[in-house]
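Peer 1:
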Amino acid sequence: MSSKSLFALALSAAVVSAQALQPLRFAGVNIAGFGATSQLILLPGDNYASAETFISSGSAAALNEVKNPDGTITNLVMDVHKYLDYDSSGTNAECVTDNIDSSWRPLSTWLRENGRQALNTETGGVFRAYDDVSTNAKRTMDCTTVILGYIGWAAGSFTTSYILSEVPYYHGTGWNDAMTVSRALSPMANKLVSSVVN
Numbered sequence: 199m200s201s202k203s204l205f206a207l208a209l210s211a212a213v214v215s216a217q218a219l220q221p222l223r224f225a226g227v228n229i230a231g232f233g234a235t236s237q238l239i240l241l242p243g244d245n246y247a248s249a250e251t252f253i254s255s256g257s258a259a260a261l262n263e264v265k266n267p268d269g270t271i272t273n274l275v276m277d278v279h280k281y282l283d284y285d286s287s288g289t290n291a292e293c294v295t296d297n298i299d300s301s302w303r304p305l306s307t308w309l310r311e312n313g314r315q316a317l318n319t320e321t322g323g324v325f326r327a328y329d330d331v332s333t334n335a336k337r338t339m340d341c342t343t344v345i346l347g348y349i350g351w352a353a354g355s356f357t358t359s360y361i362l363s364e365v366p367y368y369h370g371t372g373w374n375d376a377m378t379v380s381r382a383l384s385p386m387a388n389k390l391v392s393s394v395v396n
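Under my numbering, the first residue of the sequence shown carries the number 199, and numbering increases by one thereafter.
#1: Whole-angstrom Cβ separation of Lys280 and Ser248, contact assumed at under 8 Å?
#2: The beta strand (DSSP E) that contains Thr321, what's its start and end?
#3: Grouping DSSP H, G and I as helix and E and B as strand, with all else coil, what is Ser359?
#4: Sort out for me which residues DSSP pairs Asn374 with in a bridge.
#5: Which one or two residues does DSSP pair with Ala206 in a beta bridge?
#6: So, are the CB atoms of Thr307 and Ile361 less than 8 Å apart?
#7: So, helix, strand or coil for Asp285, using DSSP?
#8: Hey, quick one: how far does the alpha helix (DSSP H) through Leu305 stretch, first residue to last?
#9: If you run the structure through DSSP and keep just helix, strand and coil, what is Val379?
#10: Would you identify the three-state DSSP class for Asp277, choosing helix, strand or coil?
#11: Going by DSSP in three states, Ser384 sits in which element: helix, strand or coil?
#12: Could you check where the alpha helix (DSSP H) with Ser248 kicks off and where it finishes?
#13: For the alpha helix (DSSP H) that Ser257 lies in, which residues bound it at each end?
#14: For the beta strand (DSSP E) holding Gly350, just list the boundary residues, first then last.
#15: Considering only C-alpha positions, which residue in the set Ser363, Thr272, Ile298 is nearest to Val379?
#16: Using CA atoms only, rank isn't needed, just tell me which of Ala258, Asp285, Thr270, Ser287 is closest to Pro242.
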């Protein structure tokens with residue numbers, strides 16, 4: 199099994215009680231028991247795994263109980279999402295927030311206090327707001343001791359007209375990245391790494 203693999207236990211649910219999250223305790227134990235000892239295991243909360251409500255919903259407390267078979271929390275990572283539009287759905291063209299004060303700062307504090315880490319597995323915005331998306335990515339990565347990174351959301355083969363499309367498009371004589379990728383999410387654009395291999 200590749201150490202570069204990770205396991206996500208579930209897609210984000212709209213409403214899941216803290217009690218309903220308890221089976222994840224056993225799922226994490228079972229995955230690790232099958233030899234996944236160096237892979238990350240993502241633990242999603244409720245309310246679509248919102249970083250903003252991760253603590254207040256009870257998800258953080260419930261998932262803080264999830265441990266490896268040996269009692270450690272190594273590689274057990276909180277799975278959170280956060281978009282930049284007014285209702286955090288990622289379906290609106292206008293980005294209105296960088297989520298720092300409402301989400302990333304409180305979550306980072308909780309993660310540090312509890313020795314945990316998180317991965318923002320869904321974020322995005324449209325190309326017209328690429329500066330906001332890039333700023334959000336940079337600010338998220340300011341918390342790199344507890345926030346492991348971010349993933350732009352565009353699963354599946356969406357049409358390039360979809361508001362969050364990150365699907366490359368063919369133009370002229372070659373393929374081009376979508377604007378959100380090339381101008382915001384790409385480490386080459388947001389300078390979140392010192393060098394990038396093309």
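Glycine residues also receive a C-beta, built at the ideal position from the N, C-alpha and C atoms. Every value quoted in this text rests on a predicted model; they were computed, and no experiment measured them.
Peer 2: Let me spell this out:
#1: To locate residue 280, count along the sequence shown from 1; it is residue 82. To locate residue 248, count along the sequence shown from 1; it is residue 50. The pair is a contact, with the Cβ atoms about 7 Å apart (cut-off 8 Å).
#2: The residue labelled residue 321 in the question sits at position 123 within the sequence shown. Element bounds for Thr321: 316–321.
#3: As a working note, residue 359 is residue 161 in the sequence shown. In the structure shown, Ser359 sits in coil (DSSP, three-state: anything other than H, G, I, E or B).
#4: On the sequence shown, residue 374 is found 176 positions in, with the first residue counted as 1. In the DSSP output, where bridge partners are listed per residue, Asn374 has Tyr367.
#5: Looking up residue 206 in the sequence shown gives position 8. Ala206 pairs with Leu240.
#6: Position 109 of the sequence shown, counted from the first residue, corresponds to residue 307. Position 163 of the sequence shown, counted from the first residue, corresponds to residue 361. Thr307 places its beta carbon 8 Å or farther from that of Ile361.
#7: On the sequence shown, residue 285 is found 87 positions in, with the first residue counted as 1. Correct three-state label for Asp285: coil.
#8: In the sequence shown, counting from the first residue as 1, residue 305 sits at position 107. For Leu305, the uninterrupted alpha helix (DSSP H) segment begins and ends at 303–311.
#9: Start at 1 with the first residue of the sequence shown, and residue 379 comes out as number 181. Here Val379 sits in helix by DSSP.
#10: Reading the sequence shown from its first residue, position 79 is the one you call residue 277. It is a strand residue.
#11: In the sequence shown, counting from the first residue as 1, residue 384 sits at position 186. Judged by DSSP in its simplified three-state form, Ser384 adopts coil rather than helix or strand.
#12: Position 50 of the sequence shown, counted from the start, is the residue given in the question as residue 248. Where Ser248 is concerned, there is no enclosing alpha helix (DSSP H), given that its DSSP letter is neither H nor E.
#13: By one-based count along the sequence shown, residue 257 stands at place 59. Here the alpha helix (DSSP H) through Ser257 covers 257–261.
#14: Locating residue 350 in the sequence shown gives position 152, where the first residue counts as 1. Taken as a continuous stretch (DSSP letters only), the beta strand (DSSP E) holding Gly350 covers 345–350.
#15: Residue numbering aside, residue 379 sits at position 181 when the sequence shown is read from its first letter. Considering only Ser363, Thr272, Ile298, the residue with the shortest C-alpha distance to Val379 is Ser363.
#16: In the sequence shown, the residue the question calls residue 242 occupies position 44. Nearest option by C-alpha distance: Ala258.
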